[in-house]
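*Asks:*
Number of protein chains: 2
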Amino acid sequence: MARPREFDLDAALERAMQVFWAKGYESTSLDDLCAATGLGRSSLYGAFGDKHGLYLDALARYEEGSAARLNEALTRPVPVREAIAGFIARLIDDIVAGPGRRGCFIGNCAAELARDDREAAARVRRSLERIETAFRDALGRAKARGEIVRTADVGALARFFTAGIQGLRLVGKANPDRAALDDIAGVMLRALDR
Amino acid sequence: MARPREFDLDAALERAMQVFWAKGYESTSLDDLCAATGLGRSSLYGAFGDKHGLYLDALARYEEGSAARLNEALTRPVPVREAIAGFIARLIDDIVAGPGRRGCFIGNCAAELARDDREAAARVRRSLERIETAFRDALGRAKARGEIVRTADVGALARFFTAGIQGLRLVGKANPDRAALDDIAGVMLRALDR
DNA sequence: CTCATTATGGACTGATCGATTCATAACACC
DNA sequence: GGTGTTATGAATCGATCAGTCCATAATGAG
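First to last, the protein sequences are chains A and B. Convert by adding 9 to the 1-based position in the first sequence; the result is the number in this note's numbering. Convert by adding 9 to the 1-based position in the second sequence; the result is the number in this note's numbering.
1. Helix, strand or coil: how does DSSP classify arginine 150/B here?
2. Which residue wins for smallest C-alpha separation from leucine 18/A, given the options Arg145/A, Leu48/A and Ser38/A?
3. Can you tell which of Asp186/B, Pro185/B, Ala188/B and Phe169/B has its C-alpha closest to the C-alpha of leucine 179/A?
4. Just confirm the distance between the C-beta atoms of alanine 189/A and valine 89/A, as a whole number of angstroms; I'd bet it's less than 8 Å.
5. At a Cβ threshold of 8 Å, is phenylalanine 96/B touching chain A?
6. Would you call the segment 27 to 47 of chain B in contact with the segment 35 to 52 of chain A, where contact means no fewer than 3 C-beta pairs closer than 8 Å?
7. Leaving out five residues before and five after tryptophan 30/B in sequence, what residues of the same chain have Cβ atoms less than 6 Å from its Cβ?
8. For threonine 142/B, tell me which candidate among Gly195/B, Lys60/B, Val163/B and Ala153/B has the shortest Cα-Cα distance.
9. Using a cut-off of 7 Å between C-beta atoms, extract the partners of threonine 171/A located in chain B.
10. For leucine 48/A, does the three-state DSSP call read helix, strand or coil?
11. My understanding is that alanine 161/A touches arginine 199/A, with C-beta atoms under 8 Å, so please give their C-beta distance in whole angstroms.
12. Got a sec? Which residues, its chain only, sit under 8 Å from tyrosine 71/A by beta carbon, not counting five neighbours each side?
13. If we ignore side chains and look at the alpha-carbon of each, how far apart do aspartate 146/B and arginine 85/A end up?
14. May I ask you to report which of helix, strand or coil DSSP gives glutamate 91/B?
15. Looking at the C-beta of methionine 26/B, does it have a partner C-beta in chain A at a distance below 8 Å?
16. Taking 8 Å as the CB-CB limit, is valine 158/B close to chain A?
17. What residues from chain B crowd round asparagine 80/A, counting only those whose CB sits closer than 9 Å?
18. Alpha carbon to alpha carbon, how far is glycine 195/B from valine 87/A? Give it in angstroms, no decimals.
19. Which residues, in chain order, does the segment 136 to 170 of chain A contribute to contact with chain B at a C-beta distance below 9 Å?
20. For a contact meaning CB atoms closer than 7 Å, what does valine 196/A contact in chain B?
21. Given 8 Å as the limit, is there contact between the segment 125 to 134 of chain A and the segment 41 to 56 of chain A, that is, 3 or more CB pairs closer than that?
22. How would you call alanine 20/B, buried or exposed, if buried means at least 16 neighbouring beta carbons within 10 angstroms?
23. Between which residues of its own chain and aspartate 41/B is the CB-CB distance below 8 Å, once the five residues before and five after are set aside?
24. Does the beta-carbon of leucine 68/A have 16 or more other beta-carbons within 10 angstroms, so that it is buried, or is it exposed?
25. Measuring straight from C-alpha to C-alpha, what distance separates leucine 137/B and threonine 171/B?
26. Beta-carbon within less than 7 Å of alanine 167/B's beta-carbon, same chain only, minus the 5 sequence neighbours each way: which residues are those?
27. If you check the beta carbons only, do aspartate 59/A and leucine 22/A fall under 8 Å apart?
28. Have a look at Phe16/A, Ile193/A and Ala183/A and flag the residue whose alpha-carbon is nearest the alpha-carbon of glycine 109/A.
29. Would you verify that the beta carbon of isoleucine 193/B is, or is not, closer than 8 Å to some beta carbon of chain A?
Right under this line is the structure:
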């Protein structure tokens with residue numbers, strides 16, 4: 010009935026996400042986005058609305074992958090301590106070996122524009138809640154299995170790990186030093202030994 | 010010998026710092042800075058060089074006050090656990106009661122422009138090291154006093170609290186909920202009970 | 001009082017921003 | 001093959017950006 014789209018929408022979103030992740034919202038221009046995706050302005054606007062809409066879509070895409078990795082790590086059939094340790098170890102690998110100081114897209118978004126961008130702020134809040142829930146569920150199951158003491162407050166621990174991961178990514182962005190990050194991870198994990 | 014400056018340089022820097030803190034670097038325009046300080050462009054450029062220089066000065070000013078508060082809290086003649094708990098409690102008060110979602114200026118800087126701004130990145134790294142050192146010194150003194158077990162790794166604990174505070178401020182920026190932040194603080198402090 | 005020096009405010013610069021417009025192209029349907 | 005509909009690319013929009021320039025004002029030194 011009409012001319013079909015000539016590009017892969019998903020691939021374009023992935024490229025745009027990488028640019029926003031690396032440069033942030035304000036510092037990314039539409040020319041940057043066109044260059045990264047290989048698309049013209051018309052195609053971008055036709056597919057994603059405007060710059061802000063594309064940013065939100067990119068944020069959603071990041072969160073999707075991020076949450077999937079976390080859930081996969083936390084539902085492995087191993088003790089929860091090992092599962093969390095494995096997740097954090099891979100996180101540190103990413104920070105140290107990754108293409109330099111991008112941090113966490115969600116955290117970057119929170120720091121950059123959650124101030125007066127209610128929609129973005131709501132997305133960030135939801136993302137953090139999702140992470141928190143994943144931890145709480147995993148810790149709840151572990152508690153039922155007797156892996157952690159019955160007096161443990163899994164809700165507080167879940168919030169702690171959520172914040173801890175953000176802190177880890179932030180200081181890792183400023184100084185991607187494995188020894189320092191391993192130190193932090195080690196102390197974090199000992200919150201489970203009680 | 011020449012016309013004297015008509016404004017208070019320190020007060021102007023304080024105002025500029027507040028704006029950069031609240032809005033970030035890119036989103037703050039020179040018109041914003043002129044409006045906040047009450048100065049004209051010529052005065053700003055004459056006193057601080059350019060926008061980037063002013064931003065770095067503002068960052069330094071923030072770090073000064075921030076480090077002073079931390080050191081004051083950590084050198085109080087009380088058990089280190091109490092000192093740290095007091096500092097974090099006041100931090101949470103700031104986050105919850107403060108004028109909305111500014112986060113930590115240093116953390117905001119790290120998230121926003123530490124990527125390809127080497128000078129800002131170096132400042133952030135130095136700031137975090139300063140925080141880490143303050144914790145390490147306080148924990149070292151506490152260890153010598155026998156407040157924490159002799160097997161404790163004060164270096165790792167210092168790094169942990171440094172990252173933890175950043176995580177606390179970040180999630181607090183996204184969701185300034187006292188109960189959640191208190192949960193996180195509670196788990197963090199139990200790292201000292203060993 | 002005069003002059004050299006610096007501060008100030010406002011006009012102005014070229015560049016870049018996000019967004020729109022429009023002519024053209026490519027399809028599905030009849 | 002004609003027609004309606006959407007995609008595409010280039011040109012372009014007004015707004016805003018950081019930064020500069022210049023005429024004027026305000027001081028201290030001689």
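Idealized CB from N, CA, C, for every residue including glycine.
*Replies:* Reading off the structure:
1. Helix, per DSSP.
2. Minimum Cα distance to leucine 18/A is reached at Leu48/A.
3. Distances from the alpha-carbon of leucine 179/A to those of Asp186/B, Pro185/B, Ala188/B and Phe169/B put Phe169/B closest.
4. In this structure, alanine 189/A and valine 89/A do not form a Cβ contact; the two beta carbons are roughly 25 Å apart against a cut-off of 8 Å.
5. Chain A, which has no Cβ nearer than 8 Å to the Cβ of phenylalanine 96/B, makes this no.
6. Segments in contact, yes.
7. Closer than 6 Å at the Cβ level, and outside the excluded window around tryptophan 30/B, lie Arg111 and Phe114.
8. For the set Gly195/B, Lys60/B, Val163/B and Ala153/B, the Cα lying nearest the Cα of threonine 142/B is the one of Val163/B.
9. The answer, in chain order, is Val180.
10. It is coil, neither helix nor strand.
11. At roughly 13 Å, the Cβ-Cβ gap does not stay under 8 Å, so alanine 161/A and arginine 199/A are not in contact.
12. Closer than 8 Å at the Cβ level, and outside the excluded window around tyrosine 71/A, lie Met26, Trp30, Phe114 and Ile115.
13. Straight-line Cα distance between these residues: approximately 40 Å.
14. Look at glutamate 91/B here: in three-state DSSP terms it is helix.
15. Taking Cβ atoms only, chain A never reaches closer than 8 Å to methionine 26/B, which makes this a no.
16. It does not; no Cβ of chain A falls within 8 Å.
17. Listed by position along chain B, the residues whose Cβ is nearer than 9 Å to that of asparagine 80/A form an empty set, because the closest Cβ is around 19 Å away.
18. Answer to the nearest angstrom: the Cα atoms are 27 Å apart.
19. For the segment 136 to 170 of chain A, which is checked against every Cβ of chain B, the residues closer than 9 Å are Ser136, Leu137, Glu138, Glu141, Asp162, Gly164, Ala165, Leu166, Ala167, Arg168, Phe169 and Phe170.
20. Those within 7 Å of valine 196/A in chain B are Ala165, Leu166, Phe169 and Ala200.
21. Taking 8 Å as the limit for Cβ pairs, the verdict is that the segment 41 to 56 of chain A does not touch the segment 125 to 134 of chain A.
22. So alanine 20/B ends up on the exposed side.
23. Taken in chain order, the residues that qualify are Val28 and Lys32.
24. Counting the other CB atoms within 10 Å of its CB gives leucine 68/A a total of 16 or more, which places it among the buried residues.
25. Each residue's CA atom was taken as its position, placing leucine 137/B and threonine 171/B some 7 Å apart.
26. Excluding its 5 nearest sequence neighbours in each direction, alanine 167/B has C-beta neighbours in its own chain below 7 Å: Glu141, Phe144, Arg145 and Leu148, listed in chain order.
27. Not in contact: aspartate 59/A and leucine 22/A (Cβ atoms no closer than 8 Å).
28. Glycine 109/A has its Cα closest to that of Ala183/A, out of Phe16/A, Ile193/A and Ala183/A.
29. At least one chain A Cβ lies under 8 Å of isoleucine 193/B.
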